[in-house]
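Chemist:
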Amino acid sequence: MGRDMMSINVSDVIKSFNGNTILKSVSFTQEKGKVFSIIGPSGSGKTTLLRCLNFLERADSGTINLNGKTVDLATKDHRDIAYVRGATAMVFQSYNLFANLTALQNVTEALIYAKKMPKKEAKQYGLELLGKVGLAEKSNSYPKELSGGQRQRVGIARAIAVNPDLLLLDEPTSALDPELVGEVERVIEQLAAEGRTMLVVTHEMALARRISSKIIFMEDGSIVEQGSPEQLFDHPEQQRTKEFLRRYRGED
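Numbering-wise (this note's numbering), the sequence shown opens with residue 134 and increments by one.
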C-alpha cells in the first residue's frame, strides 16, 4: 500500500474572512489510525481548519489527500466535495443533533439516506453504536430529554456510524458541565484505542496527552510547533508554546 493510502496529507491551507487571514498555509501529514490533537489559544484558526477539511467552509486554497485522492479545498466541484464529506465526519462543539429525531434516528439518518442502508439493518447497527457509547437505553429519547454529555455521545455515535476515514472533533467537551466531561472523554479514548483516525481540537490538555500520537500547537493561523505529547508538553522548543503551556498550567 502506497504512502498516500496510509496517510492523510493536508497542504498549504489558506482561509480569509473579510480580508483577515485566519489560516496561513497550514500543512501536516497524519498517519492512518493515529490521533492528532490541535491545541492553542482561542482565535488561532483551529476550528476553521476542521471546517475547511469537511467543506463546512471553503478554503481560499490548499489541498487534502485522502486515500490517494487529492482534492482542492477551494473547489466548487460537487463530486470532490461529496468525496471528502463521505470520507470524513464531524463531531460538533454544540452537538448539532436534529431536535425532531430520537437518538436512534439521529444515528441512522445518514445511514439510510446517504449510505442507502436498509432501514432494518440501519436500526440494528444504530442500536449497536448507541450501546457502544453507553446509551442503549436512550435510543427513543429526543435531544431535549438528554444531558449535554449524552447528546455529545449521540453525536459521536452518529459520526462513527458512517465509518469515516477521518473523524474530526471540534472541542467535543467544551460545552459540557465539568462533571459530564469524563463520560465523553471515555468514549473518545475508546475510539483512540480502537485505532480510529481522529483530528481533535481541544482545550483538555490531559485528554490530548492521553490519546494523541502528535500534538499540533497553533497560534494566529499558523502551526507554531508539533511533536509527540512528551516532546510538546514536557520539552517544547518554541517560546510561544512554552508561554501558552505556562499560562494553561497557571504558572504565570
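Beta carbons are placed, not taken as given, at the ideal position from N, Cα and C, and that holds for glycine. From a predicted model like this one, the values you see are computed outputs, not experimental measurements.
With a threshold of 7 angstroms on Cβ separation, who are the neighbours of Val320 within its own chain once the five nearest residues in sequence on each side are excluded?
Modeler: If we look at Val320 and ignore the five residues flanking it on each side, its Cβ neighbours are Val266, Arg286, Ile289.
Chemist: Tell me whether Phe112 sits in a helix, a strand or coil according to DSSP, three-state version.
Modeler: This structure cannot settle anything about residue 112, because the visible part of the chain is limited to 134 through 385.
Chemist: With a cut-off of 8 angstroms on the beta carbons, I'd call Glu304 and Gln226 a contact; round off their distance for me.
Modeler: About 4 angstroms; that satisfies the 8 angstroms criterion.
Chemist: Over the uninterrupted alpha helix (DSSP H) stretch that includes Glu352, give me the two end residues.
Modeler: Glu352 -> not in any alpha helix (DSSP H); beta strand (DSSP E) instead, spanning 347 to 352.
Chemist: For Asp310, does the three-state DSSP call read helix, strand or coil?
Modeler: In this structure, Asp310 counts as coil in the three-state DSSP scheme.
Chemist: Please work out which residues of its chain come closer than 7 angstroms, Cβ to Cβ, to Lys179, disregarding the five sequence neighbours upstream and downstream, and give them in chain order.
Modeler: The residues are Ile171, Gly173, Val334, Met351.
Chemist: Any idea what DSSP makes of Met331, helix, strand or coil?
Modeler: Looking at Met331 - three-state DSSP - the assignment turns out to be strand.
Chemist: For Asn273, I'd like the list of residues in its chain whose CB is within less than 8 angstroms of its CB, leaving aside the five on either flank, ordered along the chain.
Modeler: Thr235, Ala236, Leu237.
Chemist: For Leu365 and Gln359, what's the separation of their Cα atoms in angstroms?
Modeler: The alpha-carbon atoms of Leu365 and Gln359 are separated by roughly 7 angstroms.
Chemist: I'd like the list of long-range same chain contacts for Gly328, defined as Cβ closer than 7 angstroms, with 5 residues on each side in sequence excluded.
Modeler: Excluding positions up to five away in sequence, the list reads Gly166.
Chemist: Looking only at DSSP bridge pairs, what is Ser280 linked to?
Modeler: DSSP output for Ser280 lists no bridge partner at all.
Chemist: Just the C-alpha distance for Val159 and Val146, rounded to the nearest angstrom, thanks.
Modeler: For Val159 and Val146, the distance between alpha carbons rounds to 5 angstroms.
Chemist: Thinking just about the alpha-carbon of each residue, which of Asn200, Ser177, Leu199, Leu206 is nearest to the one in Cys185?
Modeler: When only C-alpha atoms are compared, the closest one is Leu206.
Chemist: Should Glu261 be labelled buried (16 or more other beta-carbon atoms within 10 Å of its own) or exposed?
Modeler: Exposed, since its Cβ has fewer than 16 Cβ neighbours within 10 Å.
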